[in-house]
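Worksheet for the structure shown next.
There are 2 protein chains.
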Amino acid sequence: MTDLKKYTTFGEHLRILREKEGFTLKEVATNIEIDISLLAKIERNERQPNKPLIKKISDFFKVDEKELLNEFLSDQIAYKILDEDADLNILKVAENKIKYGITKQK
Amino acid sequence: MTDLKKYTTFGEHLRILREKEGFTLKEVATNIEIDISLLAKIERNERQPNKPLIKKISDFFKVDEKELLNEFLSDQIAYKILDEDADLNILKVAENKIKYGITKQK
DNA sequence: ACTTTTTGGACTATTATTGTCCAATTTAAA
DNA sequence: TTTAAATTGGACAATAATAGTCCAAAAAGT
Numbered sequence: 001m002t003d004l005k006k007y008t009t010f011g012e013h014l015r016i017l018r019e020k021e022g023f024t025l026k027e028v029a030t031n032i033e034i035d036i037s038l039l040a041k042i043e044r045n046e047r048q049p050n051k052p053l054i055k056k057i058s059d060f061f062k063v064d065e066k067e068l069l070n071e072f073l074s075d076q077i078a079y080k081i082l083d084e085d086a087d088l089n090i091l092k093v094a095e096n097k098i099k100y101g102i103t104k105q106k
Numbered sequence: 001m002t003d004l005k006k007y008t009t010f011g012e013h014l015r016i017l018r019e020k021e022g023f024t025l026k027e028v029a030t031n032i033e034i035d036i037s038l039l040a041k042i043e044r045n046e047r048q049p050n051k052p053l054i055k056k057i058s059d060f061f062k063v064d065e066k067e068l069l070n071e072f073l074s075d076q077i078a079y080k081i082l083d084e085d086a087d088l089n090i091l092k093v094a095e096n097k098i099k100y101g102i103t104k105q106k
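Chains A and B are the protein sequences, given in the same order.
All residue numbers for the first sequence refer to my numbering, where the first residue is 1 and numbers rise by one.
All residue numbers for the second sequence refer to my numbering, where the first residue is 1 and numbers rise by one.
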């Protein structure tokens with residue numbers, strides 16, 4: 001587990017990684033082969049990374065891919081709740097659905 | 001709270017409501033003004049309802065709209081976890097993100 | 001002041017999802 | 001056991017959502 005502020009977004013996490021190492025957007029973007037502007041947007045959570053990109057990022061910064069992926073997925077869920085401004089208890093409901101019953105969608 | 005099997009999907013819930021009242025797909029579909037086939041797909045969770053439709057459904061079956069909406073939202077989260085086959089603990093992480101910090105996406 | 005870095009917006013491209021249509025299958029009722 | 005009604009399923013078109021690009025403006029650093 002990295003010693004970052006917990007409970008931040010994927011984007012912030014990424015920015016912190018980058019700044020900790022003193023890289024510019026350009027340097028990172030070049031390495032992970034995306035547009036600078038896109039990387040900036042990802043850091044600001046205006047765009048979502050895809051899986052291959054998360055892999056490249058974890059390789060570049062030498063962090064655990066799984067951890068980054070979880071950061072990303074938990075963001076998605078958090079954003080969904082915020083967007084819909086749903087009650088937090090639906091998380092428990094979702095958990096129970098998974099545990100007791102429902103199966104994958106086709 | 002309706003006395004339905006708990007922790008089922010939106011689609012199953014809908015089908016149970018319909019069958020309990022002895023309606024055919026056609027009858028319900030006509031009333032809520034969607035294609036029969038689409039309704040069938042929604043009952044099988046092959047299509048997701050949208051908000052206005054959830055409203056129409058709750059009106060038609062005289063059930064609480066908020067409850068149906070939560071059913072739908074918790075499904076979405078459950079399906080996401082299953083699809084990504086993510087660890088359940090990301091739900092807790094998401095909850096903490098919401099509680100301590102992150103704000104709405106733009 | 002000049003240079004580099006970052007931001008922001010408008011636009012296009014891509015991907016995902018919904019909704020439609022119709023034929024095939026299943027159910028049930030005559 | 002045929003006939004009709006109900007349901008399913010797939011292929012496709014329509015729509016919506018999201019990502020990615022390009023470039024100019026703003027901010028930060030030297």
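For glycine and all other residues, C-beta sits at the position ideal for the given N, C-alpha and C.
CB contact check: residue i to chain B, cutoff 8 angstroms
i	result
residue 38 of chain A	no
residue 84 of chain A	yes
residue 64 of chain A	no
residue 70 of chain A	yes
residue 53 of chain A	no
residue 57 of chain A	no
residue 73 of chain A	yes
Of the residues the options, the one placed nearest residue i, counting alpha carbons only
i	options	result
residue 61 of chain A	A:90, A:99, A:87, A:29	A:29
residue 32 of chain A	A:70, A:45, A:49	A:49
residue 52 of chain B	B:37, B:44, B:72, B:36	B:72
residue 102 of chain A	B:74, B:97, B:65	B:74
residue 86 of chain A	B:90, B:98, B:82	B:98
Endpoints, the alpha helix (DSSP H) within which residue i is located
i	result
residue 6 of chain A	Here residue 6 of chain A belongs to no alpha helix (DSSP H), and DSSP marks it neither H nor E.
residue 23 of chain B	Counting along the chain, residue 23 of chain B falls outside any alpha helix (DSSP H), and DSSP gives it neither H nor E.
residue 62 of chain B	First-last for residue 62 of chain B: undefined, no H or E at that position.
residue 36 of chain B	36-43
Collapsed DSSP secondary structure at residue i in the structure displayed
i	result
residue 49 of chain B	coil
residue 103 of chain B	coil
residue 86 of chain A	coil
residue 15 of chain A	helix
residue 57 of chain A	helix
residue 98 of chain A	helix
residue 33 of chain A	coil
CB of residue i within 8 angstroms of CB of residue j, strictly
i	j	result
residue 14 of chain A	residue 77 of chain A	no
residue 54 of chain A	residue 39 of chain A	no
residue 11 of chain B	residue 42 of chain B	yes
residue 25 of chain A	residue 63 of chain A	no
residue 95 of chain B	residue 88 of chain A	yes
residue 70 of chain A	residue 90 of chain B	yes
residue 100 of chain B	residue 79 of chain A	no
Cutoff 8 angstroms: residue i Cβ touching any chain A Cβ
i	result
residue 29 of chain B	no
residue 8 of chain B	yes
residue 42 of chain B	no
residue 87 of chain B	yes
residue 14 of chain B	no
residue 95 of chain B	yes
residue 80 of chain B	yes
residue 22 of chain B	no
residue 17 of chain B	no
residue 3 of chain B	In this prediction, residue 3 of chain B scores a pLDDT of 43, lower than 50, which makes its location untrustworthy; the coordinate-derived value is nonetheless stated afterwards. It does not; no Cβ of chain A falls within 8 angstroms.
residue 25 of chain B	no
residue 32 of chain B	no
Any non-hydrogen atom of the ligand PLP closer than 7 angstroms to residue i Cβ
i	result
residue 96 of chain B	Of ligands this structure carries none, so the ligand PLP is not represented either.
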